Amino acid sequence: MHFSVFLSPIRRVLPLVFAIFAVGMASAVATEQKLQAKLIWGTDKDDPKLKQVDQKLKKKFSEIFKWQNYFEVEQKHFAVAPDAVKKVTMSPKCEIEVRNEGNGMFEVRLYGEGKCLNKMRQAIPAGDFLVIAGHDKDATAWFVVLNIE
Amino acid sequence: MRMNKELTLDIQAYLDNELASEADIKRVAKLLAQDGEASLLYKELKDTREILAGNELPAKLPESGEFYWSGIRRAIERENAPRVAVVHDTPWWIRVLVPLAGVACVGLLLSGIGIMTLGGKGRSAYLHEIETSIDDASAISFHSQSQGMTVVWVKDYNP
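As given, the protein sequences belong to chains Z and P, one line each in that order. Under the working numbering, read the first sequence as residues 1 to 149, first letter to last. Under the working numbering, read the second sequence as residues 150 to 308, first letter to last.
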């Protein structure tokens with residue numbers, strides 16, 4: 001079998017492959033990143049009036065943290081374009097500011113009453129979670145959970 | 150008589166019974182009877198022919214004559230046969246799929262490199278950067294590989 005047998009189809013397919021590759025690269029570069037942020041309260045007490053987090057997240061939290069219940073206080077969906085910054089209010093006293101650095105890297109700032117308390121740079125792969133947390137009164141805890149949608 | 154080329158050829162022809170006319174045969178026979186040099190040449194030629202006829206090895210063909218010549222005929226026929234364009238017996242879908250498979254392999258290779266690179270970034274990113282702005286506060290962080298979760302625990306802050 002002569003090698004030219006393979007060359008002819010390659011010549012026909014290559015432009016299509018390059019076009020798909022170029023479109024894919026362009027879309028990957030230009031697409032904004034959709035994120036989800038949740039403010040969660042962890043406690044050993046039960047409160048039927050509050051909304052429990054979904055079972056998947058509760059299972060993950062139960063593997064790591066000590067509390068019995070995790071209630072969803074706030075949930076926000078937002079998108080951040082590459083090199084753009086988005087500020088999201090999670091509670092009257094709590095805000096987060098997210099900068100999309102590209103390639104799955106994010107800079108997240110935690111604001112308390114307008115004051116920047118923490119700044120972190122972190123990769124958030126799809127399916128992973130970035131959790132910013134701290135103690136609350138009466139041996140409870142608060143969690144801001146950030147993940148890619 | 151002095152021997153020349155013409156006479157030599159006549160003697161050879163006489164020996165081989167190839168002289169065309171009766172007159173030539175009588176002429177050469179008379180010459181051989183009268184001329185010693187011509188007679189000597191005739192004798193040498195006759196001896197030579199007898200030696201060769203009795204001792205020359207017959208040329209043997211490696212195969213039968215019929216087969217030998219049929220082989221030559223086939224070779225000539227092949228040489229003279231018109232050139233036929235090469236027709237590929239490979240199905241068209243194989244000719245398309247083979248290069249596509251090659252492209253797919255390259256894509257997989259690039260994807261693998263990308264995954265490894267991103268994995269490297271991910272692993273290194275778990276050693277993330279944290280800055281705290283609270284004077285008397287601090288933060289600790291840890292990563293749970295099994296839960297896919299990076300936790301930054303901030304002390305002394307209540308949202």
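Glycine is no exception: its CB is placed at the ideal position from the N, C-alpha and C atoms. The structure presented is a predicted model; accordingly, all values stated were derived computationally and were not measured.
Among the options, which residue has its Cα nearest to the Cα of residue i?
i         : options                                       : result
Gly-112/Z : Ala-79/Z, Glu-95/Z and Val-53/Z               : Glu-95/Z
Asp-136/Z : Asn-103/Z, Gly-42/Z, Lys-38/Z and Lys-34/Z    : Gly-42/Z
Glu-149/Z : Gly-134/Z, Trp-142/Z, Ala-126/Z and Ala-139/Z : Ala-126/Z
Phe-291/P : Trp-142/Z, Pro-82/Z and Leu-130/Z             : Leu-130/Z
Phe-106/Z : Gln-55/Z, Lys-86/Z and Asp-46/Z               : Lys-86/Z
Thr-299/P : Gln-75/Z, Ala-141/Z and Phe-61/Z              : Phe-61/Z
Gly-102/Z : Ala-37/Z, Lys-56/Z and Ala-84/Z               : Ala-84/Z
Tyr-163/P : Tyr-217/P, Ala-288/P and Val-177/P            : Val-177/P
Leu-190/P : Pro-211/P, Arg-232/P, Glu-228/P and Lys-154/P : Lys-154/P
Lys-304/P : Val-245/P, Ala-288/P, Val-252/P and Ser-219/P : Ala-288/P
Trp-67/Z  : Met-120/Z, Pro-82/Z and Lys-58/Z              : Lys-58/Z
Drop a sphere of 10 angstroms on the beta-carbon of residue i, count the other beta-carbons inside from all chains shown, and report buried for 16 or more, exposed for fewer.
i         : result
Ile-221/P : exposed
Asn-100/Z : buried
Pro-48/Z  : exposed
Thr-197/P : exposed
Leu-257/P : exposed
Gln-122/Z : buried
Pro-248/P : buried
Ala-230/P : exposed
Val-108/Z : buried
Val-255/P : exposed
Asn-162/Z : Outside the shown range of chain Z, which is 1 to 149, sits residue 162/Z, and nothing can be said about it.
Ala-250/P : exposed
Phe-143/Z : buried
Gln-55/Z  : exposed
Lys-38/Z  : buried
Leu-110/Z : buried
Leu-259/P : exposed
Can you round the beta-carbon distance between residue i and residue j to whole angstroms, since I take them to be within the 8 Å contact cut?
i         : j         : result
Val-80/Z  : Val-98/Z  : 5 Å
Glu-72/Z  : Ile-40/Z  : 6 Å
Trp-242/P : Ala-133/Z : Rounded, the Cβ-Cβ distance is 57 Å, inconsistent with contact.
Ile-160/P : Ala-187/P : 6 Å
Gln-33/Z  : Asn-147/Z : Incorrect: roughly 11 Å between the Cβ atoms, too far for contact.
Asn-69/Z  : Lys-93/Z  : Not confirmed; about 22 Å, so no contact.
Gly-297/P : Asp-128/Z : 4 Å
Ile-174/P : Leu-168/P : 5 Å
Anything in chain A within Cβ reach of residue i, meaning under 8 Å, just list it in chain order.
i         : result
Ala-250/P : Absent from the structure is chain A; the protein chains it does hold are Z and P.
Worksheet item: Between the stretch 123–139 of chain Z and chain P, which residues of the former have a C-beta closer than 9 Å to a C-beta of the latter?
Response: Ala-123, Ile-124, Pro-125, Gly-127, Asp-128, Phe-129, Leu-130, Val-131, Ile-132, Ala-133, Gly-134, His-135, Asp-136 and Lys-137
- Which runs of the beta strand (DSSP E) spanning at least 3 residues fall entirely within the stretch 28–81 of chain Z, listed in chain order? 33–43 and 69–80
- prompt: What residues from the stretch 46–75 of chain Z come within 8 Å of chain P, judged by C-beta to C-beta, listed N to C?
  reply: Lys-60, Glu-63 and Ile-64
Point to revise | Residues of the stretch 98–118 of chain Z with Cβ closer than 8 Å to any Cβ of chain P, in chain order | key: Asn-103, Gly-104, Met-105, Leu-110, Gly-112, Lys-115, Cys-116, Leu-117 and Asn-118
Just list the alpha helix (DSSP H) runs in the stretch 156–228 of chain P, keeping only unbroken ones of 4 residues or longer that don't cross its boundaries, in chain order. 171–183 and 185–204
Sequence ranges, beta strand (DSSP E) only - wholly within the stretch 108–146 of chain Z, length at least 3
115–123 and 129–136
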